[in-house]
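**Q** One structure, pasted below without further comment.
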Amino acid sequence: MNRVLIVAEHADGRLNAAVAKCVACALTIPEADVSIVVLAAEGTAVAAAAAEIQGVSRVLLVKNPANEPALAAVLAPQVAKLADGAAFVLGPSTTFGKDLMPRVAALIGAPQLSDVMAVESATRFRRPVYAANAIATVEVPAGRQVVATVRVASFQAAPGGGTAPVETVAVDVELPRTTRFVSVSAARSDRPDLQTATRVISGGRALGSADNFKVIQSLADKLGAAIGASRAAVDAGYAPNELQVGQTGKIIAPELYFAIGISGAIQHLTGIKDARTIVAINKDAEAPIFEVADYGLVGDLFTLVPEIEKLL
Amino acid sequence: MRRILVGIKRVIDFNVRVRVRPDGAGVVTDGVKMSANPFDSIALEEALRLRERGEADEVVAVSIGPNESQQQLRDALAMGADRAILVKSDAALEPPAVARVLLELARRESPRLVLLGKQAIDDDSNQTGQMLAALWDRPQATFASKIEISGETARVTREVDAGLETIEVDLPAVCTTDLRLNEPRYIKLPDIMKAKKKPLDVVELSSLGADAAPLVKIVKFEPPPQRQKGVIVKDAAELVAALKQKGLV
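So the protein sequences, as listed, match chains A and B.
Counted from 1, the first sequence has number 43 at position 43 by the working numbering; the numbering is strictly sequential.
Add 312 to the 1-based position in the second sequence for the working numbering, that's all there is to it.
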């Protein structure tokens, strides 16, 4: 049996959708026995949501006011202690997991595999390197603890309907006080989350201004879609950084992706490779985005996008 | 001496279209331009700005790699680093080993801040800074888009999925850089000449006594699956009709 411990990401009492994808990844490890640990101030609702993911054997709940807001330096020693006996310790390849998991790996003396996209056996895994211009198959020594982050765009979420027991546990470790949370500026939005949305509408530099992003918002409203942006649009100040789609932003896999006024730099294409259907709208017929788009439309976005919206 | 240690990794230049070798044993590197990892250049720029603001007295650039990495360290010296250290290793080190080597250097140099890129654009691991912070038992501030030092603490704004998070860390600490922290300065010709006179120490990896044994074996590299090029539709109506037919809208 391979014991797998997944670290749950959560905020505002809600479990992050990436956790069910980590479970899906964990269940592809041979003879996996999957536990989820929720480190929270209170966490009952989050633990209950984690317990509903099918394939999970048990949920460990660690209650401590120091656990929220999450700080890697505070969570890592607790996860390291709970990782005792686990063959694999997994977290999502989100900024939460990227920040935390290597710190855990160093504390337990394990190697880390970042952005696991496929499990081939209990010792063989596949992960992207060189901005996903190459896929590496890597092998870890048998019988050695391994930490990994899961490339969430590569896995379909494990379904709900499970009934795993929730166990409240105490972790006896000293927590550092040298890192302190100050604030977070998160845009409140009723839109779907960019990383898990089934439809995403992204705008690029051709939008020309933050104000012109309204064109994108209007279409997104009509389709119930999340909004994204290219790095160029974010750098130009048209959209906030958390909307950036691409190698250094968010890597997404929606059913439908609209790239509007985005030329299609490799960096951006890396972030959308797993989208099921890509639609590109650009006035430059030679733009590289058309090389990967399932449907391309050449023309002025300010004319075409409202037209599309009317036809929906 | 208030010192900042900056990590510089020699990688394939970010403008190069990386291709997998036909034998799958690696990627094509023959005749390919090599440069400092772009996130590391951002780290160096930030260290120089902190020194210029009076928050540091010395900036030390460190690389771990083959002898050719001296080129990237000379560039770092030309940008403005005060001195450089190359830990020579022909074998590529995994992030835990890099973290252990940096830990050894941190013990010797006692920096108040270690600034690293959030990831190297070759293996895209995004691990070294966090691992160093854990081994050093110091705070970490990853994915930084703003760093302000005041007294013995640093206030760091981080690019996280939700937006921008600000944390405060006691120094010494490890900080990793994101894209929007700064734009690295260009190197001027006179600075290249001056950099030749700055100290660049070369030490053998084995002399540091850090465990650098590999744990992860790379079995093979493959090119990623390519998407098929689709169709160009003539107008909005044809696009919407196609999407409706596929049940996508």
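The beta carbon of each residue, even a glycine, is placed where N, CA and C say it ideally should be.
So with Cβ pairs under 8 Å, would you call Ala132(A) a contact of chain B?
**A** Here the question's residue 132(A) lines up with position 132 in the first sequence. It does: the Cβ of Ala132(A) has a partner Cβ on chain B nearer than 8 Å.
**Q** Enumerate in chain order the residues of its own chain whose CB-to-CB distance from Glu464(B) is below 7 Å, with the five nearest sequence positions on each side excluded.
**A** Along the second sequence, read from residue 1 onward, the residue named residue 464(B) stands at position 152. Once the five neighbours on either side are set aside, the close Cβ partners of Glu464(B) are Asp482 and Leu483.
**Q** Pro536(B) versus chain A: which residues are under 8 Å apart at the beta carbon?
**A** Start at 1 with the first residue of the second sequence, and residue 536(B) comes out as number 224. Chain A residues near Pro536(B): Pro128, Ala132, Asn133, Ala134, Ile135 and Lys273.
**Q** Pick out whichever of Asp221(A), Gly261(A) and Thr198(A) has its Cα sitting closest to the Cα of Ala229(A).
**A** Position 229 of the first sequence, counted from the start, is the residue given in the question as residue 229(A). The option with the nearest alpha carbon to Ala229(A) is Gly261(A).
**Q** Quick one: Cα of Val19(A) to Cα of Ala359(B), how far?
**A** Here residue 19(A) is taken as the residue at index 19 of the first sequence, counted from 1. Here residue 359(B) is taken as the residue at index 47 of the second sequence, counted from 1. Cα to Cα, the separation comes out at about 36 Å.
**Q** How is the beta strand (DSSP E) around Ile36(A) delimited, first residue to last?
**A** Here residue 36(A) refers to the residue found at position 36 when the first sequence is read from its first residue. Residues Ala32 to Ala40.
**Q** For Leu356(B) versus Ala373(B), is the C-beta distance shorter than 8 Å?
**A** Residue numbering aside, residue 356(B) sits at position 44 when the second sequence is read from its first letter. Residue numbering aside, residue 373(B) sits at position 61 when the second sequence is read from its first letter. In contact: Leu356(B) and Ala373(B) (Cβ atoms closer than 8 Å).
**Q** Could you compute how far the alpha carbon of Asp211(A) sits from the alpha carbon of Asp235(A)?
**A** Numbered from 1 along the first sequence, position 211 holds the residue referred to as residue 211(A). Numbered from 1 along the first sequence, position 235 holds the residue referred to as residue 235(A). Straight-line Cα distance between these residues: approximately 15 Å.
**Q** Starting from Ser218(A) and walking both ways along the alpha helix (DSSP H), at which residues does that stretch end?
**A** Taking the first sequence and counting its residues from 1, one reaches residue 218(A) at position 218. Element bounds for Ser218(A): Lys214 to Leu223.
**Q** Strictly under 8 Å for the Cβ-Cβ distance: is Ala348(B) near chain D by that measure?
**A** Included in the structure are the protein chains A and B, with no chain D among them.
**Q** Which of the residues in the stretch 538-560 of chain B, read from start to end, lie with their CB under 9 Å from any CB of chain A?
**A** The stretch 538-560 of chain B vs chain A, Cβ under 9 Å: Gln538, Arg539, Gln540, Lys541, Gly542, Val543, Ile544, Val545, Lys546, Asp547, Ala548, Ala549, Glu550, Leu551, Val552, Ala553, Ala554, Leu555, Lys556, Lys558 and Leu560.
**Q** Can you pull the DSSP bridge partners for Val552(B)?
**A** Taking the second sequence and counting its residues from 1, the one referred to as residue 552(B) is at position 240. In DSSP, Val552(B) forms no bridge with anything.
**Q** Just to confirm the assignment, what range does the beta strand (DSSP E) spanning Lys250(A) have?
**A** Stepping through the first sequence from its first residue, residue 250(A) is reached at position 250. Unbroken run through Lys250(A): none, as it is neither H nor E.
**Q** Nearest CA to the CA of Asn282(A): which residue from His268(A), Gly264(A), Ala275(A) and Leu100(A)?
**A** In the first sequence, counting from the first residue as 1, residue 282(A) sits at position 282. Ranking the options by Cα distance to Asn282(A), first place goes to Gly264(A).
**Q** To which residues of the same chain is Ile433(B) closer than 7 Å at the C-beta, ignoring the five residues directly before and after it?
**A** One-based indexing of the second sequence puts residue 433(B) at position 121. Within the same chain, Ile433(B) has close Cβ partners Val323, Phe326, Asn349 and Pro350.
**Q** What residue range does the alpha helix (DSSP H) around Arg3(A) cover?
**A** Along the first sequence, read from residue 1 onward, the residue named residue 3(A) stands at position 3. No alpha helix (DSSP H) holds Arg3(A); the beta strand (DSSP E) holding it covers Asn2 to Val7.
**Q** Under DSSP, the beta strand (DSSP E) around Leu113(A) begins and ends at which residues?
**A** Residue numbering aside, residue 113(A) sits at position 113 when the first sequence is read from its first letter. Per DSSP, Leu113(A) belongs to the beta strand (DSSP E) from Gln112 to Val116.
**Q** Give the single residue among Gln247(A), Ala206(A), Val138(A) and Ala73(A) whose Cα lies nearest to the Cα of Val528(B).
**A** Translated into positions along the second sequence, residue 528(B) becomes position 216. For Val528(B), the nearest C-alpha among the options comes from Val138(A).
**Q** Among Glu380(B), Glu421(B) and Ala388(B), which has the Cα closest to the Cα of Ala403(B)?
**A** For the purposes of this step, residue 403(B) is identified with residue 91 of the second sequence, where counting begins at 1. Answer by Cα proximity: Glu380(B).
**Q** For the stretch 298-311 of chain A, enumerate the residues whose C-beta is nearer than 7 Å to any C-beta of chain B, in chain order.
**A** Those residues of the stretch 298-311 of chain A that come within reach of chain B (Cβ to Cβ, closer than 7 Å) are Val298, Leu304, Glu307, Ile308 and Leu311.
**Q** Do Ala466(B) and Ala453(B) have their C-beta atoms within less than 8 Å of each other?
**A** In the second sequence, residue 466(B) corresponds to position 154, counting from 1. In the second sequence, residue 453(B) corresponds to position 141, counting from 1. Yes, the pair counts as a contact, with Cβ atoms nearer than the cut-off.
**Q** Can the beta-carbon of Ala275(A) be found closer than 8 Å to that of Ile252(A)?
**A** Counted from its first residue, the first sequence places residue 275(A) at position 275. Counted from its first residue, the first sequence places residue 252(A) at position 252. Yes. Within cutoff.
**Q** How would you label Gly237(A), buried or exposed, when you count the other beta carbons within 10 angstroms and need 16 or more for buried?
**A** The residue given as residue 237(A) occupies position 237 in the first sequence. Burial call: exposed.
**Q** Do we get a CB-CB distance below 8 Å when we pair Lys98(A) with the residues of chain B?
**A** Counted from its first residue, the first sequence places residue 98(A) at position 98. Closer than 8 Å to some Cβ of chain B, the Cβ of Lys98(A) qualifies, so yes.
**Q** Comparing C-alpha positions only, which one of Ala72(A), Asp115(A), Leu90(A) and Val89(A) sits nearest to Leu100(A)?
**A** Counting from one through the first sequence, the residue named residue 100(A) turns up at place 100. Closest by alpha carbon: Ala72(A).
**Q** Secondary structure at Asn379(B), three-state DSSP: helix, strand or coil?
**A** Taking the second sequence and counting its residues from 1, the one referred to as residue 379(B) is at position 67. In this structure, Asn379(B) counts as helix in the three-state DSSP scheme.
**Q** According to DSSP, Asp482(B) sits in a beta bridge with which residue or residues?
**A** The residue given as residue 482(B) occupies position 170 in the second sequence. For Asp482(B), which the question treats as bridged, DSSP gives the partners Thr465(B).
**Q** I'd like to check one pair, Arg450(B) with Ala485(B): are the Cβ atoms closer than 8 Å?
**A** Translated into positions along the second sequence, residue 485(B) becomes position 173. Translated into positions along the second sequence, residue 450(B) becomes position 138. Yes. Within cutoff.
**Q** With H, G and I counted as helix, E and B as strand and the rest as coil, what does DSSP make of Pro165(A)?
**A** For this step, residue 165(A) is matched to residue 165 along the first sequence. Three-state result, Pro165(A): coil.
**Q** Listing by chain order, which chain B residues have their CB less than 9 Å from the CB of Gln195(A)?
**A** For this step, residue 195(A) is matched to residue 195 along the first sequence. What Gln195(A) touches in chain B: Asp473.
**Q** Helix, strand or coil: which one does DSSP assign to Glu358(B)?
**A** For the purposes of this step, residue 358(B) is taken as the residue at position 46 of the second sequence. DSSP places Glu358(B) in helix when its eight states are reduced to three.
**Q** Got a sec: is the Cβ-Cβ distance from Ala114(A) to anything in chain B below 8 Å?
**A** Taking the first sequence and counting its residues from 1, the one referred to as residue 114(A) is at position 114. Going by the sequence as given, residue 114(A) is Ser instead of Ala. With 8 Å as the cut-off, Ser114(A) counts as an interface residue toward chain B.
**Q** Are the stretch 58-68 of chain A and the stretch 31-44 of chain A touching, with three or more C-beta to C-beta distances below 8 Å?
**A** Judged by Cβ distances under 8 Å, the stretch 58-68 of chain A makes contact with the stretch 31-44 of chain A, as three or more pairs qualify.
**Q** Using a threshold of 8 Å, state whether the C-beta atoms of Phe181(A) and Ile461(B) are closer than that.
**A** For this step, residue 181(A) is matched to residue 181 along the first sequence. For this step, residue 461(B) is matched to residue 149 along the second sequence. It is not a contact, given that the beta carbons lie outside the stated cut-off.
**Q** Between the beta-carbon of Glu421(B) and the beta-carbon of Ala522(B), is there less than 8 Å?
**A** Position 109 of the second sequence, counted from the first residue, corresponds to residue 421(B). Position 210 of the second sequence, counted from the first residue, corresponds to residue 522(B). Taking 8 Å as the Cβ cut-off, Glu421(B) and Ala522(B) do not qualify as a contacting pair.
**Q** By DSSP, does Leu417(B) sit in helix, in strand, or in coil?
**A** Counting from 1 along the second sequence, the entry for residue 417(B) is found at position 105. Looking at Leu417(B) - three-state DSSP - the assignment turns out to be helix.
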